[in-house]
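Here the sequence shown stands for residues 0 to 443, numbered as in numbering that gives the first Met the number 0. Note sheet for the following structure.
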Amino acid sequence: MRLPTVAIVGRPNVGKSTLFNRLVGRRVAIVEDTPGITRDRLYGEAEWRGRAFQVVDTGGVLLEDEDPLITQVRIQALAAIEEADVILFMVDAVEGITPADEELADVLRTTTKPVLLMANKVDNTRREADAAEFYALGWEEVFTISAIHGHGVAEVLDRLIELLPPARPLEEEDTAIKIAIVGRPNVGKSSLVNAILGAPRVIVSEIPGTTRDAIDTPVERDGQKMVLIDTAGIRRPGKVQGSIEYYSMLRAQKAIQRCDVALLVLDGPQGVTDGDKRVGGYAVEEGRACVVVVNKWDLMKNPTSKALMMDFTRIFRKECPFLQFAPLVFASALTGMGVSGVVDTALEAAEAHAHRIPTGVLNRLIHDAVDARPYSRKGKMLKVYYATMPSVKPPTVVLFVNDPDIVHFSYLRYLENAIRQQFPLEGTPIRIEVREAKGKARDE
C-alpha cells in the first residue's frame with residue numbers, strides 16, 4: 000500500500016527534526032553518490048493508534064545560503080503543498096511570530112490540504128499563554144507542544160489521523176508503462192507531450208487521469224497501455240523569482256519515483272547543462288530506465304547531419320558518464336521530427352528494464368567473462384561461485400564471491416558490459432551487488 004504523507008514545515012531551528020525523530024523513532028538521512036545530485040530531505044515511517052503514515056521533514060529543502068530566508072521558507076511550503084496529504088506547520092513559542100512564519104502562513108493558507116499549526120518549545124504554563132499570539136496567523140486551533148519532551152504531541156497525532164486519507168494500493172496489477180517526461184524548465188516538455196499525443200497510432204484513453212496527479216494521461220499504442228506523466232505546466236510560484244528550476248526538480252523527482260521510463264528532455268541548441276545532469280542523475284539513482292530526448296533539433300544548422308548527432312552524443316557521454324546506457328533520440332516537438340522514435344525507444348527501454356536473465360544463462364555468461372579476464376587484487380584471486388538475478392526494474396545481478404572487498408568497481412563495469420553484449424538492455428541501468436559466498440553457495 001502507498002502510505003499517506005505528512006510533511007513538517009517551519010522556518011529553521013523551530014524543532015522540525017526533533018519532532019521528526021520522535022515520530023519516526025530514528026533519523027533517516029538519504030545520501031546520494033550519483034554525480035550532480037544532493038538530496039537531504041528526511042523520510043521515515045510512523046504509526047499512531049494503528050494508522051501508518053510517511054513523515055517528511057522538509058527542513059533540508061532550503062535553497063542556497065545566499066537566498067533570503069523568506070524565499071527559502073516559501074519554497075519549503077510549496078514543497079509541502081506539492082507532496083503532503085496533511086501538513087504540520089511548526090512555529091517557535093519562545094521567539095514568537097517572525098516574518099518568516101508569516102510568509103509560510105501566507106502560502107499554507109492557499110492550499111485546500113489540512114494544516115495543523117503547532118507552537119513548539121512550550122515547556123511551562125507561561126509559554127502556554129504566550130503561544131496564544133499565534134492565533135494571529137489565522138488558524139482556529141493552535142496546538143502547544145514540546146517536541147523534545149513529547150508534551151502535546153499525542154493530541155496532534157490524534158487530530159492528524161482523523162485527517163489522513165486511506166492508504167492507496169500500489170496498483171501492482173496495472174500493466175500500463177509509466178513514462179515520465181522530465182527535464183529542466185523551457186526545454187519543451189509540454190510540447191513533446193502534445194506531440195506524442197498527436198503521433199501516429201497513439202490513442203488518448205477516455206479514462207480520466209489518476210486522482211494522485213491530474214497531469215497523468217493514459218494512452219495506448221498498438222495495444223500497449225501507457226501513462227504519460229507530464230511535469231511541465233509548472234507555474235512560477237508567486238513571489239519566488241529564480242526558484243523555478245528548484246521547483247521543477249522537485250516535480251521531476253516525484254515523477255521519476257513513480258515511472259518505469261524517464262524521458263530526459265534536453266534543449267539541443269543549448270547543449271548539456273548542470274540542470275540536465277541533476278535530473279538524469281536522479282533517474283539513475285532511482286534505478287529507472289532512461290531515454291534522452293534531444294529536443295529542438297530542427298533549430299540546428301544541419302539537423303539531418305549524422306556527424307552532428309555523433310558529436311552531440313560524444314559530448315553527452317563525456318558530460319554524463321552515469322548515463323552511458325541511455326539511448327539518445329534527436330527530435331523536434333514542434334515539427335514532429337523523431338517523435339514516433341521517442342515512443343518506440345521508450346517502450347524498448349521499458350522492456351529492457353523488466354528483462355530477467357535465466358539463472359543458468361547468467362551463470363555461464365559471468366563465468367565465461369571471468370575466465371576471459373581473471374581478476375586479482377591485494378594478492379588475492381577473485382572467485383565467482385554463483386550469480387543470480389533476484390529482481391528487475393532495474394535488472395539486478397547478485398554475485399556470490401570469495402571476498403567482496405577485493406572487487407573494484409571497474410571490474411563490475413567490465414561484467415556489466417559483458418552482460419550488455421549478450422542481451423538487449425539498452426535504456427536500463429544494471430545493478431550488480433557482490434556478496435560473500437557462504438555454505439552451500441560456496442560449494443556449488
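Yeah, the Cβ is synthetic: ideal placement off N, Cα and C, and Gly gets one too. All of these numbers come straight from a predicted model, not from anything done at the bench.
| Check | Outcome |
| --- | --- |
| What did DSSP end up calling D215 once you bin it into helix, strand or coil? | strand |
| Quick one: grab the DSSP three-state call for M117. | strand |
| Taking only three categories from DSSP, how would you classify N294? | strand |
| DSSP three-state label for H366, please. | helix |
| Checking the sheet assignment: what are the DSSP bridge partners for C289? | A261 |
| Tell me the DSSP secondary structure of I492 in three-state form. | Beyond the ends of the chain as shown, which are 0 and 443, falls residue 492; an answer cannot be given. |
| With the cut-off set at 7 Å, would you say L263 and V291 are in Cβ contact? | yes |
| May I have the straight-line CA-CA distance separating G279 from T312, to the nearest angstrom? | 15 Å |
| Tell me whether the beta-carbon of A83 lies closer than 7 Å to the beta-carbon of A6. | yes |
| Any chance the stretch 426-438 sits against the stretch 399-416, with 3 or more Cβ pairs inside 8 Å? | yes |
| Among L298, I178 and R50, which residue has its Cα nearest to the Cα of V226? | I178 |
| Counting beta carbon pairs with one atom in the stretch 319-326 and one in the stretch 356-364, are three or more of them shorter than 8 Å? | no |
| Give the secondary structure of L327 by DSSP, where H, G and I count as helix, E and B as strand, and everything else as coil. | strand |
| State yes or no: is the C-beta of R10 nearer than 6 Å to some heavy atom of the ligand NAD? | This structure lacks the ligand NAD, and indeed carries no ligand of any kind. |
| Please list the terminal residues of the continuous alpha helix (DSSP H) segment that includes Y281. | D273 to E284 |
| Count the other CB atoms within 10 Å of the CB of K276; is the residue buried (16 or more) or exposed (fewer)? | buried |
| Restricting to Cα atoms, I'd like to know which of D100, R108, K392 and L414 is closest to Q256. | K392 |
| Any contact between the stretch 383-392 and the stretch 334-346? By contact I mean 3 or more CB pairs, one from each, below 8 Å. | no |
| What are the boundary residues of the alpha helix (DSSP H) that includes V155? | V152 to L162 |
| Enumerate in chain order the residues of its own chain whose CB-to-CB distance from K377 is below 7 Å, with the five nearest sequence positions on each side excluded. | I405 |
| Kindly indicate which residue of S304, V155 and Q252 has the alpha-carbon position closest to the one of R183. | Q252 |
| DSSP on I176, reduced to helix/strand/coil? | strand |
| With a Cβ-Cβ cutoff of 7 Å, do I365 and V338 count as a contact? | no |
| Closest to K112 by CA distance: which of I180, T334, L414 and L163 is it? | L163 |
| By Cβ distance below 8 Å, which residues in the same chain neighbour A166 in space, the five residues on each side in sequence not counted? | M0, R1, L2, P3 and A51 |
| What three-state label does DSSP hand E140 in the structure shown? | coil |
| Would you mind sorting P11 into buried or exposed? The rule is 16 or more other CB atoms within 10 Å of its CB. | exposed |
| Which parts of the stretch 344-400 are runs of the beta strand (DSSP E), unbroken and 3 residues or longer, counting only runs that do not cross its ends? | 383-390 and 395-400 |
| Since I believe V13 is in contact with N119 (beta carbons under 8 Å), could you give me their beta-carbon distance rounded to a whole number of angstroms? | 6 Å |
| Looking at C-alpha atoms only, which residue of L249, L22, N294 and Y374 is the closest neighbour of L333? | N294 |
| Assuming the contact rule is C-beta atoms closer than 8 Å, D215 and S189 should be a hit. Round their C-beta distance to whole Å, please. | The Cβ separation is near 14 Å, so there is no contact. |
| May I ask you to report which of helix, strand or coil DSSP gives M336? | coil |
| Can the beta-carbon of A92 be found closer than 7 Å to that of D56? | no |
| Among the residues of its own chain, which have a CB less than 6 Å from the CB of T143, if the five just before and after it don't count? | A118, V121, E127, A130 and G151 |
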